[in-house]
Amino acid sequence: MHALFSLILAAQPPASELLRKSGDAAPPFAMRDLGRALFSIRDHTGGSAKDPRKAIVMVFFATWCEPCMKEVPIIRDIHGRWTPRGVEVIYVGLSEGTKELTPFAEKHKFPWRVIPDAFGLLARRYGVSQLPHLFIIDKNGNVGFQHRGIAPDLAKLLDEQLGRITGEKPDRQGSLDINKPRFNTTYRLGRAPSGPGSTARWAPLAAFLGE
């Protein structure tokens, strides 16, 4: 068992289980990335955005999640083709902090921000119960699309959704394939541990997530 989550191999769940639906406002947050830079979703989406983006691709992952690593080449390709068109990619790492995520991000040469979510608080706000879980947040700050697990046609699917949400077209269509992992397409996450005093200990972190 990992420090924060217990793992259960699971198949793709029905869409009815999703906490956040397309068109819902994406929960705001302000959290520091591995370089200690503060990332606020309100700085990049919505009417008061200081540095607006046409979309944000936010991927919840974990270093120990094999399906997540199968997804990385697709996201890397998306990042290279869509960043020039006003799309930002961020990764949110679950159950581990900066100490564990920094060498992992350096080893895999992630070109995007990585935000630690060691206590899973941001994941809970977004209704993340399985990994990988990807959100596309539109320029208005709403959930435009989400996808749990991996699929062979994920690159094409993301191109289609980013084109719909941003009104842009990439230089070329994504054509990368995902090899089927040894396990099913997602990891299901157990509930975070709780006990006497847990609310008080987590309160400062929960407050930090709000704006």
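The sequence shown begins at 0 in numbering that gives the first Met the number 0 and counts up one residue at a time.
By construction, the Cβ of each residue, glycine as well, lies at the ideal position given by its N, Cα and C atoms.
Selection from the options that minimises the alpha carbon distance to residue i
| i | options | result |
| --- | --- | --- |
| residue 40 | 34, 57, 33 | 57 |
| residue 74 | 143, 120, 134 | 134 |
| residue 64 | 33, 54, 93, 81 | 93 |
| residue 98 | 89, 113, 87 | 113 |
| residue 27 | 169, 124, 148 | 124 |
| residue 121 | 22, 31, 137 | 31 |
Beta-carbon proximity of residue i to residue j, cut-off 7 Å
| i | j | result |
| --- | --- | --- |
| residue 62 | residue 103 | yes |
| residue 159 | residue 84 | no |
| residue 141 | residue 24 | yes |
| residue 67 | residue 130 | yes |
| residue 96 | residue 115 | yes |
| residue 132 | residue 59 | yes |
| residue 111 | residue 161 | no |
| residue 149 | residue 69 | yes |
DSSP-derived helix/strand/coil call for residue i
| i | result |
| --- | --- |
| residue 78 | helix |
| residue 104 | helix |
| residue 73 | helix |
| residue 112 | strand |
| residue 189 | With a pLDDT of 47 at residue 189, under the threshold of 50, the modelled position of that residue is not reliable, and the figure given next carries that caveat. Looking at residue 189 - three-state DSSP - the assignment turns out to be coil, as it is neither helix nor strand. |
| residue 179 | Summary for residue 179: the model assigns pLDDT 47, below 50, so the residue's position carries little reliability; its value from the coordinates is reported in the next sentence. Three-state DSSP puts residue 179 in coil, outside helix and strand. |
| residue 150 | coil |
| residue 122 | helix |
| residue 42 | helix |
| residue 203 | Caution is warranted here: a pLDDT of 43 is assigned to residue 203, below 50, making its placement in the model unreliable, and no coordinate value can be reported. |
| residue 140 | coil |
| residue 95 | coil |
| residue 37 | strand |
| residue 15 | For residue 15, the predicted structure reports a pLDDT of 49, less than 50, and the residue's modelled location is therefore unreliable. The matter cannot be settled from this model. |
| residue 65 | helix |
| residue 163 | helix |
| residue 84 | helix |
Cβ-heavy atom distance, residue i to the ligand ATP, below 6 Å
| i | result |
| --- | --- |
| residue 93 | The ligand content of the structure shown is nil, which means the ligand ATP is not present either. |
Rounded distance between the beta-carbons of residue j and residue i, thought under 8 Å
| i | j | result |
| --- | --- | --- |
| residue 89 | residue 55 | 7 Å |
| residue 53 | residue 42 | Their Cβ separation, rounded to whole angstroms, is 14 Å, which puts residue 53 and residue 42 out of contact at 8 Å. |
| residue 33 | residue 126 | Actually they are not in contact, since the Cβ atoms of residue 33 and residue 126 sit about 24 Å apart, beyond 8 Å. |
CB contact check: residue i to chain D, cutoff 7 Å
| i | result |
| --- | --- |
| residue 133 | No chain D is present in this structure, which holds just one protein chain. |
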